[in-house]
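Here the structure comes first, spelled out in structure tokens, and everything after it is commentary.
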Amino acid sequence: MALLFNSEIYRIELLKDTSGLIKINGASKFSTFFIALAGYPFVAIMSYLFLYLLKLELYLVILYLILFVAIINITFWVRNVYGIIWIILFSALSVLVIYNENDLIIAIFTITISCIMLIETFISNYNLIKIAYKSPGNAGDATLLKSSTYIPSILWALLFLFFSLYFAYLSLKLFL
Numbered sequence: 811m812a813l814l815f816n817s818e819i820y821r822i823e824l825l826k827d828t829s830g831l832i833k834i835n836g837a838s839k840f841s842t843f844f845i846a847l848a849g850y851p852f853v854a855i856m857s858y859l860f861l862y863l864l865k866l867e868l869y870l871v872i873l874y875l876i877l878f879v880a881i882i883n884i885t886f887w888v889r890n891v892y893g894i895i896w897i898i899l900f901s902a903l904s905v906l907v908i909y910n911e912n913d914l915i916i917a918i919f920t921i922t923i924s925c926i927m928l929i930e931t932f933i934s935n936y937n938l939i940k941i942a943y944k945s946p947g948n949a950g951d952a953t954l955l956k957s958s959t960y961i962p963s964i965l966w967a968l969l970f971l972f973f974s975l976y977f978a979y980l981s982l983k984l985f986l
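Just so we're aligned, residue 811 is where the sequence shown starts under my numbering, counting upward by one.
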């Protein structure tokens with residue numbers, strides 16, 4: 811989203827608690843709003859997309875999407891040691907799964923990744939709600955959105971949760 815608003819991305823950090831930070835420059839108040847708004851919903855949408863691709867049995871498409879995003883991120887933005895190691899190991903595992911050419915292993919691996927993404931949307935939203943409730947000024951994207959809209963951080967965190975619930979519902983409908 812930052813690139814759409816001509817903001818310069820300095821770095822992306824992947825953290826051990828599954829959260830992340832993005833350092834950007836040149837973002838106006840208007841663009842900051844959309845950049846902050848994009849993060850949590852993007853993961854919910856991607857988990858739905860992966861589950862949709864699973865339903866179509868397009869397992870390799872999921873793996874190639876993951877590798878594409880990993881290569882772009884490690885080439886241009888991820889600069890912290892933990893993030894680099896994580897991307898390299900996860901990419902290597904994905905390549906190994908592709909190289910193995912075992913349909914069952916590929917299916918299990920992509921199903922696992924897709925389910926983890928879906929679950930992670932709730933974990934990250936739960937953590938954001940906790941932070942927004944206890945320390946509203948430290949709630950990351952919800953705090954940025956509060957500064958742009960004057961809507962309290964906790965309400966933004968709850969909106970992200972409801973958005974994730976909606977996409978989880980859509981995901982479940984795919985398989986029911």
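We put the beta carbon where it would ideally sit given N, CA and C, even for glycine.
If you compare alpha carbons, which of the options is closest to residue i?
i	options	result
P946	I964, V888, L969, T931	I964
V853	F977, N890, L864, L986	F977
L903	L928, F886, L914, I876	I876
S974	Y943, A952, F932	F932
N912	F972, L982, Y869, S958	Y869
V879	I845, L982, M856, S957	M856
A848	S958, L864, D951	D951
E867	Y892, T922, I845, A917	A917
I'd like to know whether the C-beta atoms of residue i and residue j end up nearer to each other than 8 angstroms.
i	j	result
V888	I881	no
T920	L984	no
S934	Y862	no
F955	F843	The identity of residue 955 in the sequence shown is Leu, whereas the question assumes Phe. Taking 8 angstroms as the Cβ cut-off, L955 and F843 qualify as a contacting pair.
F970	S924	no
A967	L928	no
V905	I915	no
I884	I894	yes
Y858	L986	no
I961	A949	no
Starting from residue i, trace the alpha helix (DSSP H) both ways and give me its first and last residue.
i	result
S934	913-944
L873	869-886
P851	839-865
A967	963-985
A902	891-910
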